[in-house]
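Peer 1:
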Amino acid sequence: MVLATEGGNGYSNGTIHSTNGSSEEKIDEIRELFGKVDGDPLRIVCIGAGAWGSVFAAMLQDAYGSFREKVQIRIWRRPGRTVDRATAEHLFEVINSREDVLRRLIRRCAYLKYVEARLGDRTLNADEILKDGFCLNMIDTPLCPLKVVTNLQEAVWDADIVINGLPSTETREAFEEISRFWKERISAPVIVSLAKGIEAELEPEPRIVTPTQMINRATKVPMENILYLGGPNIASEIYNKEYANARICGAEKWRKPLARFLRQPHFIVWDNVDLVTHEVMGGLKNVYAIGAGMIAALTNESATSKSVYFAFCTSEMIFITHLLTEEPEKLAGPLLADTYVTLLKGRNAWYGQKLAKKEISLETGDIIKGKGTIQGVSAVKAFYELLSQSSLNVRHPSKNEHVAPVELCPILQALYKILILREVSCEGILETLKRRDNERPARTDRNGSEPRSLSPFFASKIVVLAIGRVHGFVYMYIDEYGGRRPELVYDDNISCFFKWRVVGNRS
0 MVLATEGGNG YSNGTIHSTN GSSEEKIDEI RELFGKVDGD PLRIVCIGAG
50 AWGSVFAAML QDAYGSFREK VQIRIWRRPG RTVDRATAEH LFEVINSRED
100 VLRRLIRRCA YLKYVEARLG DRTLNADEIL KDGFCLNMID TPLCPLKVVT
150 NLQEAVWDAD IVINGLPSTE TREAFEEISR FWKERISAPV IVSLAKGIEA
200 ELEPEPRIVT PTQMINRATK VPMENILYLG GPNIASEIYN KEYANARICG
250 AEKWRKPLAR FLRQPHFIVW DNVDLVTHEV MGGLKNVYAI GAGMIAALTN
300 ESATSKSVYF AFCTSEMIFI THLLTEEPEK LAGPLLADTY VTLLKGRNAW
350 YGQKLAKKEI SLETGDIIKG KGTIQGVSAV KAFYELLSQS SLNVRHPSKN
400 EHVAPVELCP ILQALYKILI LREVSCEGIL ETLKRRDNER PARTDRNGSE
450 PRSLSPFFAS KIVVLAIGRV HGFVYMYIDE YGGRRPELVY DDNISCFFKW
500 RVVGNRS
């Protein structure tokens, strides 16, 4: 399932050297899969120019942009967004602090417009600065110059690979428009979605709708051509070549060759078949990251309090995923790491911190200048509404009655009251942690009985070995089992915490 990782010697004239083949060899492999002939470049377009979408396009440009006859890389963003004076002043400071960027702009005869914008004599547009490598949501991290298209039809009508860099809240509408341009296509494109979030459908029966499903419904592109890529990735750090990994999930036909194509020395891409779990977890971690930011701010960055919160929220995430998918991947490996890094440093955690510190208010909305869309807000509403449905009822572990699953998710309830109903302040999330009557959601399954085995969670090698409380402190141990199989057991003295024990060899 997992491709072997390779070393690398960095960049040289836009080409990545690795033990897994040169950049040109990887291009040739993917071109062959698309049936490309000489003179017909592989066309890759990224839809959406937020931080992660822009970085993803820039990484591809850095790696493959020098092979112009074989591959064409473009990014689409909406036209008309202007850069305000304060941002233009900050951008000018960033440019002058980086000699390489300064020289590049002078060479391209593009420096003068930034001087004029700094003086207030000119208004810059977001698509204009993106061509020079500046993402409006990530000004402090200059990228390579990009080929920017503002006409959506021009961007996608003949694309072979489409990267969805839009927020989940914008994905459906954008791809409904894109579908109009694909009516005459003979072959379907391959779509890789980076979006993390979900929608909830309550009729005719409750279900989640993930971004890949939104794309499938809107475009009728077969699901085998739609993949999801996610992992513990902070966009600016990825572009600065901090070591990272990700999983590309979907049908085997495309995920394995795309994993090889996207892999770079500092960005290791694994492949996995479980598309739904990874997308659900991608949405859930944004939900709980907002609470993590609140806890960090309210407890003055207490490591103990943040650990308690981590135990609570991962318990709820596993419970929810187990309800919504038949055989979910466990919260481990890149899934666990994605949750951890988002709770630690993602924009949703930043949003929670700012709310708790009263530096921003809920009236500001979930689209924040310089950050983009805070996707966790809409995800809180979607998951709460979905898990409130009686058709998903589970047995309450202590009341001996059936309740909606959300009743066993106190963190999710608190976030809904804070962010959506606006009934309580951010301090409500801390009070939730202190409640003595919190139940253990993982004790019940959808049928209301205590699960005998949660073996579908235990597919990869890295697992949580133990989470327990000793003298008021929470400890989590992560171990590599090397073939041994863990089994989930419950500690009646610990609310919403897990611990593990080894029960023998994996069959």
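With numbering that gives the first Met the number 0, letter number 327 in the sequence shown gets 326, and the count goes up by one each step, no holes. All C-beta atoms in this analysis are idealised placements derived from N, C-alpha and C, irrespective of residue type, glycine included. Just so it is clear, the structure is predicted and the values come from calculations on it, not from any experiment.
By DSSP, does residue 277 sit in helix, in strand, or in coil?
Peer 2: Locating residue 277 in the sequence shown gives position 278, counting from the first residue. Three-state DSSP puts residue 277 in a helix.
Peer 1: Under 8 Å, with one C-beta from each stretch per pair, do the segment 301 to 317 and the segment 403 to 414 reach the 3-pair mark?
Peer 2: The answer is yes - the segment 403 to 414 touches the segment 301 to 317, with three or more Cβ pairs under 8 Å.
Peer 1: Going by Cα to Cα distance, which pick from 348, 127, 148 and 296 is closest to residue 286?
Peer 2: Locating residue 286 in the sequence shown gives position 287, counting from the first residue. Checking every option, the nearest Cα to that of residue 286 belongs to 348.
Peer 1: Residue 249 to residue 61, Cα distance in whole Å?
Peer 2: Numbered from 1 along the sequence shown, position 250 holds the residue referred to as residue 249. Numbered from 1 along the sequence shown, position 62 holds the residue referred to as residue 61. Taking the straight line joining both Cα atoms gives about 26 Å.
Peer 1: At a cut of 8 Å, does the segment 416 to 434 reach the segment 366 to 386 through at least three beta carbon pairs?
Peer 2: As far as the Cβ criterion goes, the segment 416 to 434 touches the segment 366 to 386, which means the pair count is three or higher.
Peer 1: Name, in chain order, the residues that DSSP records as bridge partners for residue 81.
Peer 2: If you number the sequence shown from 1, residue 81 lands on position 82. According to DSSP, which records beta bridges pairwise, residue 81 is partnered with 124.
Peer 1: With residue 269 as the anchor, note down where its alpha helix (DSSP H) starts and where it stops.
Peer 2: Here residue 269 refers to the residue found at position 270 when the sequence shown is read from its first residue. Run containing residue 269: none in the alpha helix (DSSP H); it sits in the beta strand (DSSP E), 266 to 271.
Peer 1: Fully enclosed by the segment 35 to 66, which beta strand (DSSP E) runs are 3 residues long or longer?
Peer 2: Fully enclosed beta strand (DSSP E) runs of 3 or longer: 41 to 46.
Peer 1: With burial defined as no fewer than 16 other Cβ atoms inside 10 Å of the residue's Cβ, what is the status of residue 278: buried or exposed?
Peer 2: Mapped onto the sequence shown, residue 278 falls at position 279. Buried, since its Cβ has 16 or more Cβ neighbours within 10 Å.
Peer 1: Thinking just about the alpha-carbon of each residue, which of 358, 157, 106 and 205 is nearest to the one in residue 392?
Peer 2: The residue given as residue 392 occupies position 393 in the sequence shown. When only C-alpha atoms are compared, the closest one is 205.
Peer 1: Taking the alpha carbon of residue 174 as the reference point, which residue from 159, 300 and 155 has its own alpha carbon closest?
Peer 2: Position 175 of the sequence shown holds residue 174. Minimum Cα distance to residue 174 is reached at 155.
Peer 1: Go to residue 242, then tell me how far its beta strand (DSSP E) extends in each direction, as first and last residue.
Peer 2: For this step, residue 242 is matched to residue 243 along the sequence shown. Neither: residue 242 is in no beta strand (DSSP E) and is coded neither H nor E.
Peer 1: Is residue 237 closer than 9 Å to residue 58 when the C-beta atoms are compared?
Peer 2: Position 59 of the sequence shown, counted from the start, is the residue given in the question as residue 58. Position 238 of the sequence shown, counted from the start, is the residue given in the question as residue 237. Result yes, Cβ atoms of residue 58 and residue 237 sit closer than 9 Å.
Peer 1: Using only the alpha-carbon positions, how far apart do residue 433 and residue 299 sit?
Peer 2: By 1-based counting over the sequence shown, the position of residue 433 is 434. By 1-based counting over the sequence shown, the position of residue 299 is 300. If I take the Cα positions, the gap works out to 17 Å.
Peer 1: Is the segment 126 to 140 in contact with the segment 80 to 99, if contact means three or more CB pairs nearer than 8 Å?
Peer 2: Output reads yes: the segment 80 to 99 touches the segment 126 to 140.
Peer 1: Looking at residue 233 and residue 507, is the spacing between their C-beta atoms short of 9 Å?
Peer 2: There is no way to answer for residue 507, as the model of the chain reaches only from 0 to 506.
Peer 1: For residue 159 and residue 385, I'd like the C-alpha separation in whole angstroms.
Peer 2: On the sequence shown, residue 159 is found 160 positions in, with the first residue counted as 1. On the sequence shown, residue 385 is found 386 positions in, with the first residue counted as 1. So the two alpha carbons sit approximately 35 Å from each other.
Peer 1: Just the C-alpha distance for residue 152 and residue 309, rounded to the nearest angstrom, thanks.
Peer 2: Stepping through the sequence shown from its first residue, residue 152 is reached at position 153. Stepping through the sequence shown from its first residue, residue 309 is reached at position 310. Approximately 44 Å, taken between the alpha carbons.
Peer 1: Please determine if the segment 219 to 234 and the segment 175 to 191 are in contact, where contact requires at least 3 C-beta pairs separated by less than 8 Å.
Peer 2: Touching, yes, given that three or more Cβ pairs across the two stretches are closer than 8 Å.
Peer 1: Under 8 Å by Cβ, that's how I've got residue 193 and residue 55 pegged, so tell me the actual separation to the nearest angstrom.
Peer 2: As a first step, residue 193 is located in the sequence shown; it is residue number 194 there, counting from the start. As a first step, residue 55 is located in the sequence shown; it is residue number 56 there, counting from the start. The Cβ separation is near 6 Å, so the contact holds.
Peer 1: So the alpha helix (DSSP H) residue 399 belongs to, where does it begin and stop?
Peer 2: Numbered from its first residue, the sequence shown carries residue 399 at position 400. Per DSSP, residue 399 belongs to no alpha helix (DSSP H) and is neither H nor E.
Peer 1: Can you list, in chain order, the residues of its chain with a C-beta nearer than 8 Å to that of residue 235? Leave out the 5 residues immediately preceding and following it.
Peer 2: The count along the sequence shown starts at 1 and reaches residue 235 at position 236. Result list for residue 235: 50, 54, 137, 139 and 140, in chain order.
Peer 1: Below 8 Å on the Cβ atoms is my contact criterion, and I expect residue 74 with residue 45 to pass it. Report the Cβ-Cβ distance as a whole number of Å.
Peer 2: Residue numbering aside, residue 74 sits at position 75 when the sequence shown is read from its first letter. Residue numbering aside, residue 45 sits at position 46 when the sequence shown is read from its first letter. Going by Cβ atoms, the distance from residue 74 to residue 45 rounds to 4 Å, so yes, they are a contact pair.
Peer 1: Could you check the C-alpha separation between residue 198 and residue 207 for me, to the nearest Å?
Peer 2: Indexing the sequence shown from 1 puts residue 198 at position 199. Indexing the sequence shown from 1 puts residue 207 at position 208. If you take the alpha carbons of residue 198 and residue 207, they lie about 6 Å apart.
Peer 1: Residues in its own chain within less than 8 Å of residue 547 by CB, not counting five upstream and five downstream?
Peer 2: For the chain, the structure presents residues 0 to 506; residue 547 sits outside this window and is missing.
Peer 1: Rounded to the nearest angstrom, what separates residue 111 and residue 78 at their Cα positions?
Peer 2: Here residue 111 refers to the residue found at position 112 when the sequence shown is read from its first residue. Here residue 78 refers to the residue found at position 79 when the sequence shown is read from its first residue. Near 22 Å, if we compare the C-alpha coordinates of residue 78 and residue 111.
Peer 1: DSSP three-state call for residue 106: helix, strand or coil?
Peer 2: Taking the first residue of the sequence shown as position 1, residue 106 is located at position 107. Correct three-state label for residue 106: helix.
Peer 1: Output yes or no for whether 9 Å exceeds the beta carbon distance between residue 355 and residue 302.
Peer 2: For the purposes of this step, residue 355 is taken as the residue at position 356 of the sequence shown. For the purposes of this step, residue 302 is taken as the residue at position 303 of the sequence shown. No. Outside cutoff.
Peer 1: Along the beta strand (DSSP E) that carries residue 163, what are the first and last residues, could you check?
Peer 2: Stepping through the sequence shown from its first residue, residue 163 is reached at position 164. First-last of the beta strand (DSSP E) with residue 163: 160 to 163.
Peer 1: Should residue 528 be labelled buried (16 or more other beta-carbon atoms within 10 Å of its own) or exposed?
Peer 2: Nothing can be reported for residue 528, as the shown portion of the chain is limited to 0 through 506.
Peer 1: Beta-carbon within less than 8 Å of residue 333's beta-carbon, same chain only, minus the 5 sequence neighbours each way: which residues are those?
Peer 2: Position 334 of the sequence shown, counted from the start, is the residue given in the question as residue 333. Hits under 8 Å: 229, 230, 231, 244, 245, 246 and 269.
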